[in-house]
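In numbering that gives the first Met the number 0, the protein residues as written are 0 to 102.
In what follows, a single structure is set out as structure tokens and then discussed.
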Amino acid sequence: MSYIVTDNCQKCRFTDCVEVCPVDCFYADDKMLYIHPDECIDCGACEPACPVEAILPDDSMSADQEKWFEINRIKSESDDTYNITETETPLPTAEARKKELGL
Ligand code: SF4
Ligand code: SF4
0 MSYIVTDNCQ KCRFTDCVEV CPVDCFYADD KMLYIHPDEC IDCGACEPAC PVEAILPDDS
60 MSADQEKWFE INRIKSESDD TYNITETETP LPTAEARKKE LGL
């Protein structure tokens with residue numbers, strides 16, 4: 000099992016999650032973050048840290064969220080992302096997106 004970042008992260012990128020990850024398995028591009036499913040140790044610390052409920056365990060994703068498992072793996076291993084271990088400034092759209100999500 001692994002935890003996975005889903006589309007609620009898009010337009011947010013709050014990055015609170017990276018601070019709590021004991022194994023630094025978050026990767027980022029300019030749109031959102033991703034978790035490398037082979038590096039994640041399933042500790043669950045990041046799930047409640049996300050203000051927009053973007054992080055879920057892979058065994059509780061809905062059918063339309065399942066594609067995010069492969070997206071997280073591909074993006075984590077891509078040259079287009081970098082390993083993110085410290086909080087960065089959220090995207091300018093973050094607060095508006097959070098309200099749009101009803102959170
Ligand atoms: S805390 Fe949530 S919104 Fe912020 S970067 Fe992590 S997954 Fe994305
Ligand atoms: S579940 Fe734990 S190990 Fe996996 S990404 Fe979240 S904080 Fe990191």
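By construction, the Cβ of each residue, glycine as well, lies at the ideal position given by its N, Cα and C atoms.
For clarity, every value in this text was computed on a predicted model and none was experimentally measured.
The C-beta of C45 has 16 or more other C-beta atoms within 10 Å across all chains shown, which makes the residue buried. For I40, the three-state secondary structure derived from DSSP is coil. Secondary-structure assignment with DSSP links P56 through a beta bridge to Y2. DSSP lists A27 as the bridge partner or partners of L32.
Between I34 and Y2, the gap from beta carbon to beta carbon is short of 9 Å.
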